[in-house]
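Take my numbering: the last position of the first sequence gets the number 612, and nothing is skipped along the way.
No residue lacks a Cβ here, since even glycine has one placed at the ideal position from N, Cα and C.
Below: one structure, written as structure tokens.
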Amino acid sequence: MGAIYNNCRVINSIPINMSKGVISKDEDYSQWFNDLVIKSDMAEYSPVRGCMIIKPYGYSIWEKIQAVLDGMFKDTGHSNAYFPLLIPKSFFSKEASHVDGFAKECAVVTHYRLKNDGDGNIIVDEEAKLEEELIIRPTSETIIWNTYKGWIQSYRDLPILVNQWANVMRWEMRTRLFLRTSEFLWQEGHTAHATSDEAIAETEQMLNVYADFAENWMALPVVKGRKTANERFAGALDTYCIEALMQDGKALQAGTSHFLGQNFAKAFDVKFTTRDNKQDFVWATSWGVSTRLIGALIMAHSDDAGLVLPPKLAPIQVVVVPIYKHQEELDNITAYVDGLKKELKAKGISVKFDNRDTHRPGAKFAEYELKGVPLRVAIGSRDMTNGTVELARRDTKTKETVNQEGLAQHIEALLEEIQNNIYKKAFDFRAENTTEVDTYDEFKRMLDEQPGFLSAHWDGTPETEQKIKEETKATIRCIPLDNKQEEGKCILTGAPSKQRVLFARAY
RNA sequence: CGGGAUGUAGCGUAGCCCGGUAUCGCGCCACAUUUGGGAUGUGGAGGCCGCAGGUUCGAAUCCUGCCAUCCCGACCA
Numbered sequence: 106m107g108a109i110y111n112n113c114r115v116i117n118s119i120p121i122n123m124s125k126g127v128i129s130k131d132e133d134y135s136q137w138f139n140d141l142v143i144k145s146d147m148a149e150y151s152p153v154r155g156c157m158i159i160k161p162y163g164y165s166i167w168e169k170i171q172a173v174l175d176g177m178f179k180d181t182g183h184s185n186a187y188f189p190l191l192i193p194k195s196f197f198s199k200e201a202s203h204v205d206g207f208a209k210e211c212a213v214v215t216h217y218r219l220k221n222d223g224d225g226n227i228i229v230d231e232e233a234k235l236e237e238e239l240i241i242r243p244t245s246e247t248i249i250w251n252t253y254k255g256w257i258q259s260y261r262d263l264p265i266l267v268n269q270w271a272n273v274m275r276w277e278m279r280t281r282l283f284l285r286t287s288e289f290l291w292q293e294g295h296t297a298h299a300t301s302d303e304a305i306a307e308t309e310q311m312l313n314v315y316a317d318f319a320e321n322w323m324a325l326p327v328v329k330g331r332k333t334a335n336e337r338f339a340g341a342l343d344t345y346c347i348e349a350l351m352q353d354g355k356a357l358q359a360g361t362s363h364f365l366g367q368n369f370a371k372a373f374d375v376k377f378t379t380r381d382n383k384q385d386f387v388w389a390t391s392w393g394v395s396t397r398l399i400g401a402l403i404m405a406h407s408d409d410a411g412l413v414l415p416p417k418l419a420p421i422q423v424v425v426v427p428i429y430k431h432q433e434e435l436d437n438i439t440a441y442v443d444g445l446k447k448e449l450k451a452k453g454i455s456v457k458f459d460n461r462d463t464h465r466p467g468a469k470f471a472e473y474e475l476k477g478v479p480l481r482v483a484i485g486s487r488d489m490t491n492g493t494v495e496l497a498r499r500d501t502k503t504k505e506t507v508n509q510e511g512l513a514q515h516i517e518a519l520l521e522e523i524q525n526n527i528y529k530k531a532f533d534f535r536a537e538n539t540t541e542v543d544t545y546d547e548f549k550r551m552l553d554e555q556p557g558f559l560s561a562h563w564d565g566t567p568e569t570e571q572k573i574k575e576e577t578k579a580t581i582r583c584i585p586l587d588n589k590q591e592e593g594k595c596i597l598t599g600a601p602s603k604q605r606v607l608f609a610r611a612y
């Protein structure tokens, strides 16, 4: 008995928790994140500083994100268009705060030709200098508003509801895979409206779209809020955002929606004739999310064994691994799996049958765990005899043996359960790591001991916010939209405050 | 752009002080045995030792310059 018990223990305690080549997230969270991105085949470094190569597996997640969001944008009346990558330098000087925000991180095109210098070196042809330098877009407000000027004369031309899927470039000092790369992929919506109210409603609508997407597709709970003046987008009157909490207790801004007022309309002289025949400047919004969402997805859910992807965004939802010794066994299994695949596909579930004979089952198990495939089905001869399969969940790392009969329905239900479970786990984590604090000492202590969201009173001044940032590296992530009003005292200055705001150290 | 560090095979490394054409592991290729949690054995391939100079009979090793990358700050979706 003892020997058997022992044996069982050994089998049960085999640590399937760590993946080869991935450091534990408790040991070094940043390194864990980098390891995961590389080992799971999502992306790799490129020869260009700060720019990454998004590999097919990573890109397929982006494609899913794009497809869902694009549908949501269309459902709210938007259309896609495309504007140039290069923006004349002069456009940037038209909106003062906008240029201040981006000037320090722009890549500039100065020439349009290379030549051979005679020694076999390719050099810039100084004779091919551009009259006016071109900026590689860090965002497209300027070129779009320059264009809108030509599209808008009357209130009848409004609203304009346009989105663009594009790449942009911001020459960041320090970069990180998916979270902050020099070039990144995103979507930017740019809308034009006849009234302030309508523009604000649009800004809020798109914030809700983002929050809906984050929570229901990415399984990522987010706080909807507004940025303080310090953190506001360059050129915006009001910036709304969704903020998420990562597993290391740092906050990540997952999306923003800006009410731009008439700033860009004034900068680019975009006027229209109102219903009562008066001239007015157009009201604007812009909103965007980027490939950073993939970084959020990884950091919010994954573990030491690899990625944990929410089923709704997983490129492969179910992987089937055959276990066999002889060709007849594989043929037998394949015949069954072909039927299962058809059933699952009919339900809109993506399946991969990994029948490579170049890798052994254990290697495949590890690979798909690393890649975050939500469900794994393993089938061997034993199962074929018993009419069963082994079903393994990625989120809980549990396995069960189930009947082949009704398997497709079971899988469908399980995927939904996994989606919900991942969300709940993230939600509970955020709840445990969101704390109300009332003194500055407690504030600082929490940042060191249990980092997360800190809900605290603030006197509303940029100076206080700045000082707290300098002393603690924590910033005001947002003023939550559903904030309850209560009397309190600013944690730093003791000045009266009417509501709490959300602080955290952030990415 | 300030502070620190590092560049050796696809990846991770040893060698560097004390000069003599490079170590080990993973991965890769072939064959065999294997296949219910990352297989084993045998054999094999792979290197402008970041780049350019210098010292020396001889440089991965010493000297000079350059380039690149990473980490910590300031900046940031």
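From residue i to residue j, what distance separates their C-alpha atoms?
i: residue 531; j: residue 326; result: 7 angstroms
i: residue 610; j: residue 229; result: 43 angstroms
i: residue 485; j: residue 495; result: 9 angstroms
i: residue 244; j: residue 192; result: 10 angstroms
i: residue 352; j: residue 534; result: 8 angstroms
i: residue 523; j: residue 319; result: 16 angstroms
i: residue 569; j: residue 581; result: 11 angstroms
i: residue 451; j: residue 517; result: 11 angstroms
i: residue 202; j: residue 339; result: 5 angstroms
i: residue 549; j: residue 371; result: 43 angstroms
i: residue 136; j: residue 404; result: 12 angstroms
i: residue 287; j: residue 206; result: 16 angstroms
i: residue 572; j: residue 389; result: 32 angstroms
i: residue 594; j: residue 606; result: 12 angstroms
i: residue 556; j: residue 179; result: 39 angstroms
i: residue 366; j: residue 216; result: 36 angstroms
i: residue 468; j: residue 426; result: 11 angstroms
i: residue 544; j: residue 357; result: 24 angstroms
i: residue 510; j: residue 402; result: 34 angstroms
i: residue 513; j: residue 526; result: 20 angstroms
i: residue 561; j: residue 314; result: 27 angstroms
i: residue 592; j: residue 537; result: 24 angstroms
i: residue 152; j: residue 299; result: 47 angstroms
i: residue 585; j: residue 539; result: 13 angstroms
So residue i packs on residue j, CB below 8 angstroms; how close in whole Å?
i: residue 124; j: residue 474; result: 7 angstroms
i: residue 268; j: residue 183; result: 5 angstroms
i: residue 312; j: residue 260; result: That belief does not hold up - the Cβ atoms of residue 312 and residue 260 are roughly 25 angstroms apart, past 8 angstroms.
i: residue 210; j: residue 277; result: 6 angstroms
i: residue 553; j: residue 377; result: No, residue 553 and residue 377 are not in contact; Cβ-Cβ is about 54 angstroms, not under 8 angstroms.
i: residue 157; j: residue 150; result: 6 angstroms
i: residue 148; j: residue 160; result: 6 angstroms
i: residue 343; j: residue 369; result: That pair is no contact at about 14 angstroms.
i: residue 455; j: residue 399; result: 18 angstroms between Cβ atoms; not a contact.
Applying the 10 Å Cβ sphere with the 16-neighbour rule, what's the burial state of residue i?
i: residue 272; result: exposed
i: residue 49; result: Because the chain here runs from 106 to 612, residue 49 falls outside it and cannot be looked at.
i: residue 213; result: exposed
i: residue 391; result: buried
i: residue 476; result: buried
i: residue 348; result: buried
i: residue 227; result: exposed
i: residue 334; result: exposed
i: residue 204; result: buried
i: residue 432; result: exposed
i: residue 49; result: Only positions 106 to 612 of the chain appear in this structure, which leaves residue 49 out of reach.
Considering only DSSP beta bridges, list what residue i is partnered with.
i: residue 391; result: 295, 363
i: residue 157; result: 150
i: residue 318; result: Note: residue 318 sits in no beta bridge, so no partner.
i: residue 288; result: 274
i: residue 162; result: The partner list for residue 162 (beta bridge, DSSP) is empty, contrary to what the question assumes.
i: residue 193; result: 239
i: residue 356; result: 350, 611
i: residue 385; result: 377
i: residue 180; result: Partner(s): none; residue 180 has no beta bridge.
Which residue comes first and which comes last in the beta strand (DSSP E) that contains residue i?
i: residue 270; result: 265-274
i: residue 505; result: 504-508
i: residue 493; result: 493-498
i: residue 428; result: 423-428
i: residue 453; result: Taken as a continuous stretch (DSSP letters only), residue 453 belongs to no beta strand (DSSP E), as it is neither H nor E.
Could you please give the first and the last residue of the uninterrupted alpha helix (DSSP H) stretch that includes residue i?
i: residue 150; result: No alpha helix (DSSP H) contains residue 150, which is instead part of the beta strand (DSSP E) from 148-150.
i: residue 204; result: 201-207
i: residue 605; result: Not the alpha helix (DSSP H): residue 605 falls in the beta strand (DSSP E), residues 601-609.
i: residue 142; result: 134-144
Can residue i be considered in contact with the ligand FAD, in the sense that its beta carbon sits closer than 6 angstroms to one or more heavy atoms?
i: residue 236; result: The ligand FAD is absent from the structure shown, which contains no ligands of any kind.
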